[in-house]
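Colleague:
2 protein chains.
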Amino acid sequence: MSLQLPLPAWFREWVATLPQRLEYDAAAMTVALEACRRNLDGGTGGPFGAVVLDGKTRQVLGVGVNLVVFGQASVLHAEIVALTLAQQRTGSYDLAAGGRDVTLYSTAEPCAMCLGAIPWSGVNRLVCGARDEDVRAIGFDEGDKPAGWSDLYRRRGITVTRDFLRAEAVGLLERYAADGGIRYGPHD
Amino acid sequence: MSLQLPLPAWFREWVATLPQRLEYDAAAMTVALEACRRNLDGGTGGPFGAVVLDGKTRQVLGVGVNLVVFGQASVLHAEIVALTLAQQRTGSYDLAAGGRDVTLYSTAEPCAMCLGAIPWSGVNRLVCGARDEDVRAIGFDEGDKPAGWSDLYRRRGITVTRDFLRAEAVGLLERYAADGGIRYGPHD
Numbered sequence: 581m582s583l584q585l586p587l588p589a590w591f592r593e594w595v596a597t598l599p600q601r602l603e604y605d606a607a608a609m610t611v612a613l614e615a616c617r618r619n620l621d622g623g624t625g626g627p628f629g630a631v632v633l634d635g636k637t638r639q640v641l642g643v644g645v646n647l648v649v650f651g652q653a654s655v656l657h658a659e660i661v662a663l664t665l666a667q668q669r670t671g672s673y674d675l676a677a678g679g680r681d682v683t684l685y686s687t688a689e690p691c692a693m694c695l696g697a698i699p700w701s702g703v704n705r706l707v708c709g710a711r712d713e714d715v716r717a718i719g720f721d722e723g724d725k726p727a728g729w730s731d732l733y734r735r736r737g738i739t740v741t742r743d744f745l746r747a748e749a750v751g752l753l754e755r756y757a758a759d760g761g762i763r764y765g766p767h768d
Numbered sequence: 581m582s583l584q585l586p587l588p589a590w591f592r593e594w595v596a597t598l599p600q601r602l603e604y605d606a607a608a609m610t611v612a613l614e615a616c617r618r619n620l621d622g623g624t625g626g627p628f629g630a631v632v633l634d635g636k637t638r639q640v641l642g643v644g645v646n647l648v649v650f651g652q653a654s655v656l657h658a659e660i661v662a663l664t665l666a667q668q669r670t671g672s673y674d675l676a677a678g679g680r681d682v683t684l685y686s687t688a689e690p691c692a693m694c695l696g697a698i699p700w701s702g703v704n705r706l707v708c709g710a711r712d713e714d715v716r717a718i719g720f721d722e723g724d725k726p727a728g729w730s731d732l733y734r735r736r737g738i739t740v741t742r743d744f745l746r747a748e749a750v751g752l753l754e755r756y757a758a759d760g761g762i763r764y765g766p767h768d
């Protein structure tokens with residue numbers, strides 16, 4: 581018995597080719613979008629990608645894609661994969677250890693689970709592409725989020741930027757829907 | 581690069597000795613409490629344990645303890661460990677596949693992340709020991725949960741039983757606090 585969650589071969593190989601630093605927000609979100617696109621090409625999961633980086637040095641700490649179906653684990657949303665890989669790389673469950681600034685780029689606003697997970701990881705800046713309503717529009721359940729969550733984040737010291745490259749993110753959601761991809765999640 | 585999250589030796593060895601079925605709620609919660617107690621004895625994590633079982637056959641599908649510090653991964657709450665191990669065992673991210681009833685016993689009310697994660701897993705019954713306020717009382721941050729979450733769960737077809745063996749769960753929280761255990765989580 582062990583918790584070994586597989587990563588697709590394309591993912592490991594592609595991540596190894598990425599730049600070590602991504603200077604601008606647009607570059608970081610573009611990598612998250614490209615991760616998402618390759619996940620659709622590979623048929624390895626849902627239309628979501630994420631990147632975690634050091635907000636000061638701009639060093640990439642982790643990249644993630646949705647691997648719920650590939651890994652048969654409902655926790656494997658893109659944000660969780662990126663954050664957990666970043667924690668393995670830094671050797672700490674707290675990415676903010678040592679005073680690090682930590683930015684998470686996600687191609688879509690986090691679901692209820694990821695919203696709860698982000699403050700535990702050490703992230704202090706969240707940049708999102710597609711809106712919650714865009715994700716629901718293709719049939720995904722985003723869960724029950726606390727009202728005014730971005731204000732609650734701000735009180736915790738986490739700033740939120742929305743609608744960043746939203747059109748590109750929505751394009752990938754729509755491609756997934758058009759291809760008839762699985763909308764796992766709700767049971768009702 | 582891979583997502584390999586270690587499990588403590590005591591945990592693997594002890595879980596192998598457990599009964600395959602736990603007929604009563606008290607028996608299942610007692611295993612969750614015992615997992616928690618052994619986690620404190622082993623110094624492998626926070627004061628939380630969880631058990632997932634098939635609500636009809638009463639077969640144990642997964643057991644979990646908090647491994648945030650041991651595994652250096654902030655996602656490794658007891659509920660996530662138990663649910664993910666159950667998904668690996670059943671081979672499906674959806675524990676409700678095939679019409680299975682799925683009960684999750686947790687020694688404490690779930691934090692915001694686990695509250696979001698539970699509906700994605702296929703659980704349709706949640707049984708909790710300690711209350712949110714008991715967990716906060718020893719210094720843990722439970723996160724920002726949606727108002728009236730147990731009603732929201734009910735609407736999703738997930739029933740909630742609270743205060744089940746609460747005193748026993750609180751005893752373990754207090755032991756952890758008295759021993760000076762790490763309260764990871766909040767950064768503010």
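Just so you know, the protein sequences line up as chains A and B, in that order.
Residue 706 in my numbering sits at position 126 of the first sequence, with consecutive numbering throughout.
Residue 594 in my numbering sits at position 14 of the second sequence, with consecutive numbering throughout.
All C-beta atoms, glycine included, are put in the ideal place defined by N, C-alpha and C.
The model shown is predicted, which means the values in this text are computed figures rather than measured ones.
First and last residue of the alpha helix (DSSP H) that includes B:Y685?
Modeller: Working through the second sequence from its first residue, we reach residue 685 of chain B at position 105. No alpha helix (DSSP H) holds B:Y685; the beta strand (DSSP E) holding it covers V682 to A688.
Colleague: The beta strand (DSSP E) spanning A:A710 covers which residue range?
Modeller: Position 130 of the first sequence, counted from the first residue, corresponds to residue 710 of chain A. Per DSSP, A:A710 belongs to the beta strand (DSSP E) from R705 to A710.
Colleague: Here's the rule: buried if 16 or more other CB atoms are within 10 angstroms of the residue's CB, otherwise exposed. What is B:K636?
Modeller: Residue mapping note: residue 636 of chain B aligns to position 56 of the second sequence, counting from 1. Classification of B:K636: exposed, given that the 10 Å Cβ count is below 16.
Colleague: Identify whether B:D621 lies in helix, strand or coil by the three-state DSSP scheme.
Modeller: Position 41 of the second sequence, counting from 1, holds the residue named residue 621 of chain B. Looking at B:D621 - three-state DSSP - the assignment turns out to be helix.
Colleague: Smallest Cα separation from B:G651: which of B:L706, B:L752, B:I718 and B:G626?
Modeller: For the purposes of this step, residue 651 of chain B is identified with residue 71 of the second sequence, where counting begins at 1. With distances taken between Cα atoms, B:G651 lies closest to B:G626.
Colleague: For the stretch 678-688 of chain B against the stretch 747-754 of chain B, are there 3 or more C-beta pairs whose distance is under 8 Å?
Modeller: Touching, per the Cβ criterion.
Colleague: Can you name the residues of chain A whose CB is closer than 7 Å to the CB of B:T664?
Modeller: Taking the second sequence and counting its residues from 1, one reaches residue 664 of chain B at position 84. Within chain A, the residues near B:T664 are L583, A653 and V655.
Colleague: Quick check on DSSP: helix, strand or coil for B:L665?
Modeller: Locating residue 665 of chain B in the second sequence gives position 85, where the first residue counts as 1. B:L665: helix per DSSP, three-state reduction.
Colleague: Distance check for B:I698 and A:F591, CA to CA, integer angstroms please.
Modeller: Along the first sequence, one-based indexing puts residue 591 of chain A at 11. Along the second sequence, one-based indexing puts residue 698 of chain B at 118. Each residue's alpha carbon lies about 27 Å from the other.
Colleague: Find the residues of chain A that neighbour B:K725, judging by a C-beta separation of less than 7 Å, and give them in chain order.
Modeller: Along the second sequence, one-based indexing puts residue 725 of chain B at 145. In chain order: P726.
Colleague: Measuring CB atoms only, is the stretch 592-608 of chain B touching the stretch 723-732 of chain B, in the sense that at least three cross pairs come out at less than 8 Å?
Modeller: Too few Cβ pairs lie closer than 8 Å, so no.
Colleague: Could one say the Cβ of B:V631 lies closer than 8 Å to chain A's Cβ atoms, at least one of them?
Modeller: As a first step, residue 631 of chain B is located in the second sequence; it is residue number 51 there, counting from the start. Not an interface residue.
Colleague: In or out: B:Q667 buried (at least 16 other Cβ within 10 Å) or exposed?
Modeller: Counting from one through the second sequence, the residue named residue 667 of chain B turns up at place 87. Buried.
Colleague: Counting only Cβ pairs nearer than 7 Å, list the residues of chain A close to B:V649.
Modeller: In the second sequence, residue 649 of chain B corresponds to position 69, counting from 1. Simply Y673.
Colleague: Answer yes or no: do B:N646 and B:L633 have a C-beta to C-beta separation smaller than 8 Å?
Modeller: For the purposes of this step, residue 646 of chain B is taken as the residue at position 66 of the second sequence. For the purposes of this step, residue 633 of chain B is taken as the residue at position 53 of the second sequence. The answer is no: Cβ separation not under 8 Å.
Colleague: Closer than 6 Å by C-beta to A:S701: which residues in its own chain qualify, once you throw out the five before and the five after it? Chain order, please.
Modeller: Counting from one through the first sequence, the residue named residue 701 of chain A turns up at place 121. Once the five neighbours on either side are set aside, the close Cβ partners of A:S701 are L663 and L675.
Colleague: Roughly how far, in whole angstroms, is the beta-carbon of B:L602 from the beta-carbon of B:V595, given that I think they are within contact range, below 8 Å?
Modeller: Position 22 of the second sequence, counted from the start, is the residue given in the question as residue 602 of chain B. Position 15 of the second sequence, counted from the start, is the residue given in the question as residue 595 of chain B. So it is not a contact: roughly 13 Å between Cβ atoms.
Colleague: Please classify A:T683 as buried or exposed, where buried requires at least 16 neighbouring CB atoms within 10 angstroms.
Modeller: Counted from its first residue, the first sequence places residue 683 of chain A at position 103. It is buried - the Cβ of A:T683 has at least 16 other Cβ atoms within 10 Å.
Colleague: Shorter than 8 Å from the beta carbon of A:L598 to some beta carbon of chain B?
Modeller: Start at 1 with the first residue of the first sequence, and residue 598 of chain A comes out as number 18. No, no contact with chain B.
Colleague: Taking A:S701 as the query, report the chain B residues whose CB atoms sit under 7 Å from its CB, ordered along the chain.
Modeller: Locating residue 701 of chain A in the first sequence gives position 121, counting from the first residue. Within chain B, the residues near A:S701 are S654.
Colleague: Grab the span of the beta strand (DSSP E) containing B:L641 for me, first residue to last.
Modeller: If you number the second sequence from 1, residue 641 of chain B lands on position 61. Its beta strand (DSSP E) spans residues V640 to V645.
Colleague: Quick one: what does DSSP say B:G629 is sitting in, helix, strand or coil?
Modeller: Sequence index remark: in the second sequence, residue 629 of chain B carries index 49 (1-based). B:G629: strand per DSSP, three-state reduction.
Colleague: Under 8 Å, CB to CB, which of the residues in the stretch 690-723 of chain A have a partner in chain B?
Modeller: Residues passing the 8 Å Cβ filter: C691, A692, M693, C694, L695, G696, A697, P699, W700, S701, G702, N704, D721 and G723.
Colleague: Distance check for A:M693 and A:R638, CA to CA, integer angstroms please.
Modeller: Residue numbering aside, residue 638 of chain A sits at position 58 when the first sequence is read from its first letter. Residue numbering aside, residue 693 of chain A sits at position 113 when the first sequence is read from its first letter. Each residue's alpha carbon lies about 26 Å from the other.
Colleague: Just curious, the beta strand (DSSP E) that A:V740 is in, first and last residue?
Modeller: Along the first sequence, one-based indexing puts residue 740 of chain A at 160. It spans T739 to T741 - the beta strand (DSSP E) in which A:V740 sits, taken as one unbroken run.
Colleague: So, for B:D759: in the same chain, excluding its five sequence neighbours on each side, which residues have a beta-carbon less than 8 Å away from its beta-carbon?
Modeller: Start at 1 with the first residue of the second sequence, and residue 759 of chain B comes out as number 179. Cβ neighbours of B:D759 beyond the five flanking positions: L620.
Colleague: Using a C-beta cutoff of 8 Å, does B:L732 count as contacting chain A?
Modeller: In the second sequence, counting from the first residue as 1, residue 732 of chain B sits at position 152. Yes, because at least one Cβ of chain A sits closer than 8 Å to the Cβ of B:L732.
Colleague: Could you tell me the alpha carbon to alpha carbon distance between B:Y586 and B:C616, rounded to whole angstroms?
Modeller: As a position in the second sequence, residue 586 of chain B is number 6, starting the count at 1. As a position in the second sequence, residue 616 of chain B is number 36, starting the count at 1. The sequence as given places Pro at residue 586 of chain B; Tyr does not occur at that position. Roughly 17 Å separates the two Cα atoms.
Colleague: Who are the neighbours of A:I660 on chain B, taking C-beta pairs under 7 Å?
Modeller: Within the first sequence, numbered from 1, the residue matching residue 660 of chain A stands at position 80. Correct list: V655.
Colleague: If you count every other CB in all the chains shown that lies within 10 Å of the CB of A:E722, and 16 or more means buried, which is it?
Modeller: Taking the first residue of the first sequence as 1, we reach residue 722 of chain A at position 142. Buried is the call here.
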